[in-house]
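Asks: In the working numbering, the protein residues as written are 6 to 461. We put the CB at the ideal spot given by N, CA and C, even for glycine.
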Ligand code: H79
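(1) Which residues bound the beta strand (DSSP E) around residue 394?
(2) Looking only at its chain, what residues have a beta carbon closer than 7 Å to the beta carbon of residue 299, apart from the 5 residues adjacent to it on each side?
(3) Can you name, in chain order, every residue of its own chain whose Cβ lies under 7 Å from the Cβ of residue 171, other than the five neighbours on each side?
(4) Could you compute how far the alpha carbon of residue 334 sits from the alpha carbon of residue 288?
(5) Give the single residue among 372, 132, 293 and 232 whose Cα lies nearest to the Cα of residue 53.
(6) Quick one: residues in its chain with C-beta nearer than 8 Å to the C-beta of residue 222, no 5 flanking neighbours on either side, listed in chain order?
(7) State the DSSP-derived secondary structure class of residue 222, mapped to helix, strand or coil.
(8) Pick from 411, 175, 195 and 439: whose alpha carbon is nearest that of residue 453?
(9) Within the chosen definition, does the region 89-104 reach the region 402-422 through at least 3 CB pairs nearer than 8 Å?
(10) Within the region 221-303, note down every full beta strand (DSSP E) run reaching 3 residues or more, in order along the chain.
(11) Any heavy atom of the ligand H79 inside 7 Å of the beta-carbon of residue 99?
(12) Could you have a look at residue 368 and say whether DSSP puts it in helix, strand or coil?
(13) Of the residues 434, 422, 385 and 357, which one's Cα is nearest the Cα of residue 375?
(14) By the 10 Å Cβ neighbour count, where 16 or more other Cβ atoms means buried, how is residue 219 classified, buried or exposed?
(15) Can you tell me the Cα-Cα spacing of residue 325 and residue 438, whole angstroms?
(16) Confirm, please, whether the CB-CB distance from residue 129 to residue 175 is below 8 Å.
(17) Out of 249, 214, 125 and 200, which one is the CA nearest neighbour of residue 149?
(18) From the DSSP output, in three-state form, read off residue 66 for me.
(19) What alpha helix (DSSP H) runs, 4 residues minimum, are completely inside the region 39-120?
(20) For residue 347, which residues of its own chain have a beta-carbon under 8 Å away from its beta-carbon, when the five flanking residues on both sides are left out?
(21) Sorry if obvious, but does the Cβ on residue 237 come closer than 7 Å to a heavy atom of the ligand H79?
(22) With residue 316 and residue 353 assumed to form a contact (beta carbons below 8 Å), what rounded beta-carbon distance in angstroms separates them?
(23) Would the beta-carbon of residue 190 fall within 8 Å of that of residue 205?
(24) What distance in whole Å lies between the Cβ atoms of residue 237 and residue 203, which are believed to be in contact at a cut-off of 8 Å?
(25) Please classify residue 169: does DSSP put it in a helix, a strand, or coil?
(26) Figure out for me which residue from 57, 369 and 290 has the closest Cα to the Cα of residue 458.
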């Protein structure tokens, strides 16, 4: 009996040592879904997500052969998102494919795109490698329906972009429509299914012959891939998902979004589209993707541009809830960003140069319901820094942080480094601020307090 308990004791000691030496054991046990989809990964979810959580801001790029019609089909202006034109008008496969000779984006300059993202303060970019129209924006050997083989361009923009990202220190991700493919036989189609017999075929064969080899190409031929972004898992059965999962290990540091399978069992982060969740998504990493006008793929007549103020305040709002902002650009068929996007990126960049510290590497606000704006947080070994993002500058020169009782150490205006007076009071912390706002869109007050500040 005592021998048995002795043995059990040793087993426990060894188990504890294992958990200390290999904490991923604990992590894998605590999250069975992750254990299932990424067993044998070198890095854990938290390790792989570190840069992504610090980044907070990225660029989405929707670029494809749909930039040629640019939302117009046979003289009619489509009411819907530009990259859905083929489904929208049920364009036969051959007729849509006849657009490819007109796609010659000679003005494409990868370094210029990366520079525009970088100057806007974005830390990563995710570009459509293949959207639902099935057209690959890279030199694929799995299908000749790609920009290298099927257009006069005869270049591989993803290779050029990968090299430019590498040169400029930008993380690169690929969007890949794994399920919907309106060109290759067997690919899925949402909303009513196929409209051309050329689309009919076995989806399993499509997965084997197109999706799997193309994902392998993307994860093999372009250097480090930081993000893989799947979309619309129409008819993605567990068996089909199983064929794609092993490929993810080709990039063991990569993070993956949650749209590979219908049940969202895989993925490192959630993906609210065109909306910001009211209170973030507690306990989850998430990224809001959003357009600057009303379309992802370029539409020549979409002038519904969001003002820069909206875009900056969205970024702040998202950071205050612990999420990332993936802001879209839809380049033209000549290979250029629309000038409205360039202007906005530059304006955001100007703001980020001053206020970036209050965004990068911060976490969700412990304070909510702030009438004047938002808050982000950074914990330091000796206390907490709260970044107060003030949208509505107080006319009376008193900025009140209601309910905050942690002892104030200092308050400064981030823009000028100017020291401000701040005091604890019965209603919370009161900061005395200049009468006019340093920035009409959002000004940052840096408030250092003692100890931790937890959400109430
Ligand atoms: O890639 C972008 C979109 O094309 C894709 N996800 C982002 C990132 C996306 N997939 N689905 N949706 C967006 C929403 C689908 C809307 C639709 Fe429709 C409503 C599809 C069919 C009906 C709009 C209206 C497009 C065609 C008709």
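Replies: On the basis of the data shown:
(1) Counting along the chain, the beta strand (DSSP E) containing residue 394 begins and ends at 388-395.
(2) Closer than 7 Å at Cβ, skipping near neighbours: 307 and 309.
(3) Contacts found: 228.
(4) For residue 334 and residue 288, the distance between alpha carbons rounds to 29 Å.
(5) Measuring from the Cα of residue 53, the nearest candidate turns out to be 232.
(6) These residues qualify, in order along the chain: 143, 145, 146 and 147.
(7) In the displayed model, residue 222 falls within a helix according to three-state DSSP.
(8) Among 411, 175, 195 and 439, the Cα nearest to that of residue 453 belongs to 411.
(9) Flag = no, the region 89-104 and the region 402-422 do not touch.
(10) Counting only runs of 3+ residues, the beta strand (DSSP E) found wholly inside the region 221-303 occupies 232-235 and 292-295, in chain order.
(11) Remark: the shortest separation between the CB of residue 99 and any heavy atom of the ligand H79 does not fall under 7 Å.
(12) When DSSP states are grouped into helix, strand and coil, residue 368 belongs to the strand group.
(13) Measuring from the Cα of residue 375, the nearest candidate turns out to be 434.
(14) By the neighbour-count criterion, in which 16 or more other beta carbons inside 10 Å mark a residue as buried, residue 219 falls on the buried side.
(15) So the two alpha carbons sit approximately 22 Å from each other.
(16) Remark: C-beta atoms of residue 175 and residue 129 approach each other more closely than 8 Å.
(17) Taking each of 249, 214, 125 and 200 in turn and checking the Cα distance to residue 149, the smallest one comes out for 214.
(18) Looking at residue 66 - three-state DSSP - the assignment turns out to be strand.
(19) Within the region 39-120, the complete alpha helix (DSSP H) runs of at least 4 residues are 50-60, 90-93 and 98-102.
(20) Its chain contains 121 as the residues whose beta carbon lies nearer than 8 Å to that of residue 347, once the 5 sequence neighbours on both sides are disregarded; these appear in chain order.
(21) The answer is yes for residue 237.
(22) The C-beta distance from residue 316 to residue 353 rounds to 6 Å, short enough to fall under 8 Å.
(23) A Cβ-Cβ contact shorter than 8 Å links residue 190 with residue 205.
(24) Not really, about 20 Å apart at Cβ, beyond 8 Å.
(25) The answer is helix: DSSP assigns residue 169 an H, G or I state.
(26) That would be 369, whose Cα lies nearest to the Cα of residue 458.
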